[in-house]
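The structure under discussion appears below in the form of structure tokens.
In the numbering used here, the protein residues as written are 3 to 44.
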């Protein structure tokens, strides 16, 4: 499903190696949390 695909993209964005935490990674993590809550019906 689209939700599962989004979850995968956000996980990749937040777990990819980088020398420091970037704003993009923080925003991806926030979206991952929202998508996970929607996916789990909470």
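Ideal Cβ placement from N, Cα and C applies to all residues, glycine included.
Query raised in the report: Residues in its own chain within less than 6 Å of residue 9 by CB, not counting five upstream and five downstream?
Result: 37
Query raised in the report: Between residue 34 and residue 13, which are expected to be in contact by the criterion C-beta below 8 Å, what is the C-beta distance as a whole number of angstroms?
Result: 6 Å
Query raised in the report: What separation, rounded to the nearest whole angstrom, lies between the Cα atoms of residue 28 and residue 15?
Result: 9 Å
Query - Helix, strand or coil at residue 24 [DSSP, three-state] - result: coil
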